[in-house]
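J.: Would you mind keeping the following structure in view while I ask a few things?
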Amino acid sequence: MTDAAPGPGGTAPARVLTVAGSDSGGGAGIQADLKTMLALGVHGMSVLTAVTAQNSLGVHGAWELPEEAVRAQFDAVVGDIGVQAVKTGMLSSAALAATVAGLLGGLGPGVPVVVDPVGVSKHGDALLAAEAVETVRTRLLPLATVATPNLDEVTQLTGVTVQDEDGMRAAAEAVLRYGPRWVLIKGGHLPDADRYAEAVDLLSDGRTERWFRAPRYDNRHTHGTGCTLASAIASHLALGHDVPEAVGLAKEYVTGAIAAGFPLGAGIGPVDHGWRTR
């Protein structure tokens, strides 16, 4: 990898790459990732894995890109510009998940990788083929500096069903068996979660754990939450924070984005990536 040289306007910012699908409605996917990265002061770059026809009501179609197109995008960015952190999102198929795992394996240990094992959309639409789950488990998770599954994705990956905060510990243990250095179990989908005043996430590396609690806002416009959180973690890792610091700062950012989420279209609107500057 080469370091970006300072241009006439100053030094290049930290560089973060998202490997994910496109959301034509602009609330999730690479659109959410790039907005998050801009808001947090890093330079965002993208490798597109799939195109979706998507709006506030759901996913109306999805088309994977060829493996060679994914590989060419990755090689073009990494070979010339370089990356200081990578975030993965929608990978769609076993073939694409394996391709991405192979590419990430060549980066070396100095580049942190945040794996958001996207399984379904906010509207319940499948974004990962059933036959791809094993590839994510065995090829992608071992490369992760941080994995960020929600509770539905925990069940998809491990078979563990979480009912309460103690169950989140069991979920963390189950995911860590597949090899990520850290796992962030997102508790937003806990049963009866809306009854509680706080949204809680658990970060663990198998030896230490950190609980992150934030106010729960009565706002249905939360499209893109998972993409935004994972991208924020990757951005803060690229800026030099360690994993617990990066997760704490990312949780603060996404909490504000959820609070400011706005209606768009006839369904679920997005979080507000620009909430700090509006």
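The C-terminal residue of the sequence shown carries number 770 in the working numbering, and the numbering is unbroken.
Even for Gly, the Cβ is constructed at its ideal location relative to N, Cα and C.
#1: For Tyr745 and Val606, what's the separation of their Cα atoms in angstroms?
#2: Where Asp644 and Leu540 are concerned, what is the direct C-alpha to C-alpha distance, given to the nearest angstrom?
#3: Secondary structure at Phe704, three-state DSSP: helix, strand or coil?
#4: Mind listing, in chain order, the continuous beta strand (DSSP E) runs of no fewer than 3 residues lying wholly within the region 499-565?
#5: From what residue to what residue does the alpha helix (DSSP H) around Ile750 run?
#6: Between which two residues does the beta strand (DSSP E) harbouring Asp693 extend?
#7: Report the option in Val575, Gly680, Thr580, Leu635 whose CA atom is closest to the CA atom of Gln655.
#8: Could you pull the DSSP bridge partners for Ile677 from this structure?
#9: Assuming contact is defined by CB atoms lying nearer than 7 Å, are Ala706 and Thr747 in contact in what I supplied?
#10: From Gln648, Arg629, Phe704, Leu676, pick the residue whose C-alpha is nearest to that of Ala726; which is it?
#11: Between Gly553, Pro601, Val592, Gly502, which lies nearest to Leu619 when the distance is taken from Cα to Cα?
#12: Given Met660, which residues of its chain have a CB within under 7 Å of its CB, disregarding the five upstream and five downstream residues?
#13: In angstroms with no decimal places, state the Cα-to-Cα distance between Arg712 and Ile760.
#14: Identify which residue in Thr647, Ala663, Lys579, Gly519 has its Cα closest to the Cα of Thr637.
#15: So is Arg770 buried or exposed if we call it buried at 16+ other beta carbons inside 10 Å?
#16: Identify the continuous beta strand (DSSP E) that holds Thr580 and give its terminal residues.
#17: Tell me the rounded alpha-carbon separation between Ala758 and Leu549.
#18: In chain order, what are the residue ranges of uninterrupted beta strand (DSSP E) at least 3 long that sit wholly in the region 595-666?
#19: How would you call Phe754, buried or exposed, if buried means at least 16 neighbouring beta carbons within 10 angstroms?
#20: Evaluate Pro498 with the Cβ neighbour count: other Cβ atoms within 10 Å of its Cβ, from every protein chain shown; 16 or more gives buried, anything less gives exposed.
#21: Whole-angstrom Cβ separation of Val562 and Gly536, contact assumed at under 8 Å?
#22: Hey, would you say Ala512 sits closer than 7 Å to Gly521, going by beta carbons?
#23: With H, G and I counted as helix, E and B as strand and the rest as coil, what does DSSP make of His715?
#24: Please report how far the alpha carbon of Glu623 lies from the alpha carbon of Ser514, in whole angstroms.
#25: Compare the Cα-Cα distances from Gly574 to each of Ala662, Lys743, Ala730 and report the closest residue.
#26: Could you tell me the alpha carbon to alpha carbon distance between Leu588 and Thr528, rounded to whole angstroms?
#27: Out of Ala664, Val625, Gln565, which has the shortest C-alpha to C-alpha gap to Leu596?
#28: Taking the C-alpha atoms as reference points, what is the distance between Thr717 and Asp608?
T.: Let me lay it out:
#1: In the sequence shown, residue 745 corresponds to position 253, counting from 1. In the sequence shown, residue 606 corresponds to position 114, counting from 1. Rounded to whole angstroms, Tyr745 to Val606 spans 17 Å at the Cα level.
#2: Looking up residue 644 in the sequence shown gives position 152. Looking up residue 540 in the sequence shown gives position 48. Between Asp644 and Leu540, the C-alpha separation is close to 24 Å.
#3: Here the question's residue 704 lines up with position 212 in the sequence shown. In this structure, Phe704 counts as strand in the three-state DSSP scheme.
#4: Within the region 499-565, the runs of beta strand (DSSP E) that reach at least 3 residues and sit entirely inside it are, in chain order, 507-515, 535-547, 550-556.
#5: As a working mapping, residue 750 is identified with position 258 in the sequence shown. Ile750 -> alpha helix (DSSP H) spans 735-751.
#6: Numbered from 1 along the sequence shown, position 201 holds the residue referred to as residue 693. Counting along the chain, the beta strand (DSSP E) containing Asp693 begins and ends at 690-696.
#7: Walking along the sequence shown from the start, residue 655 turns up at place 163. Out of Val575, Gly680, Thr580, Leu635, Gly680 has the C-alpha closest to the C-alpha of Gln655.
#8: Start at 1 with the first residue of the sequence shown, and residue 677 comes out as number 185. Leu694, per the DSSP bridge assignment.
#9: Taking the first residue of the sequence shown as 1, we reach residue 706 at position 214. Taking the first residue of the sequence shown as 1, we reach residue 747 at position 255. In contact: Ala706 and Thr747 (Cβ atoms closer than 7 Å).
#10: In the sequence shown, residue 726 corresponds to position 234, counting from 1. Nearest option by C-alpha distance: Leu676.
#11: As a position in the sequence shown, residue 619 is number 127, starting the count at 1. Of Gly553, Pro601, Val592, Gly502, the residue nearest in Cα terms is Gly553.
#12: Within the sequence shown, residue 660 is the residue found at index 168, counting from 1. Result list for Met660: Val654, Ile677, Gly679, Leu694, in chain order.
#13: Mapped onto the sequence shown, residue 712 falls at position 220. Mapped onto the sequence shown, residue 760 falls at position 268. Roughly 7 Å separates the two Cα atoms.
#14: Here the question's residue 637 lines up with position 145 in the sequence shown. Of the listed residues, the one whose Cα sits closest to Thr637 is Lys579.
#15: Looking up residue 770 in the sequence shown gives position 278. With fewer than 16 Cβ atoms within 10 Å of its Cβ, Arg770 is classed as exposed.
#16: By one-based count along the sequence shown, residue 580 stands at place 88. Bounds of the beta strand (DSSP E) holding Thr580 are 577-580.
#17: Here the question's residue 758 lines up with position 266 in the sequence shown. Here the question's residue 549 lines up with position 57 in the sequence shown. Note on geometry: alpha-carbon atoms of Ala758 and Leu549 lie some 7 Å from one another.
#18: Annotation: the region 595-666 contains the following complete segments of the beta strand (DSSP E) (minimum length 3 residues), in chain order: 605-607.
#19: Position 262 of the sequence shown, counted from the start, is the residue given in the question as residue 754. Phe754 should be labelled exposed.
#20: For this step, residue 498 is matched to residue 6 along the sequence shown. The pLDDT assigned to Pro498 is 49, lower than 50, so where the model puts this residue is not dependable, and the model offers no usable value.
#21: Translated into positions along the sequence shown, residue 562 becomes position 70. Translated into positions along the sequence shown, residue 536 becomes position 44. No, Val562 and Gly536 are not in contact; Cβ-Cβ is about 17 Å, not under 8 Å.
#22: Within the sequence shown, residue 512 is the residue found at index 20, counting from 1. Within the sequence shown, residue 521 is the residue found at index 29, counting from 1. Yes, they are a contact pair.
#23: Against the sequence shown, residue 715 aligns to sequence position 223. Residue state, collapsed to three classes: strand.
#24: Taking the first residue of the sequence shown as 1, we reach residue 623 at position 131. Taking the first residue of the sequence shown as 1, we reach residue 514 at position 22. Each residue's Cα considered, the two are about 21 Å apart.
#25: Locating residue 574 in the sequence shown gives position 82, where the first residue counts as 1. Of the residues Ala662, Lys743, Ala730, the one whose Cα lies closest to the Cα of Gly574 is Ala730.
#26: Start at 1 with the first residue of the sequence shown, and residue 588 comes out as number 96. Start at 1 with the first residue of the sequence shown, and residue 528 comes out as number 36. Cα-Cα distance, rounded: 24 Å.
#27: Here the question's residue 596 lines up with position 104 in the sequence shown. Residue nearest to Leu596 within the set Ala664, Val625, Gln565 is Gln565 (criterion: CA-CA distance).
#28: Along the sequence shown, one-based indexing puts residue 717 at 225. Along the sequence shown, one-based indexing puts residue 608 at 116. Spanning the two alpha carbons is a distance of roughly 11 Å.
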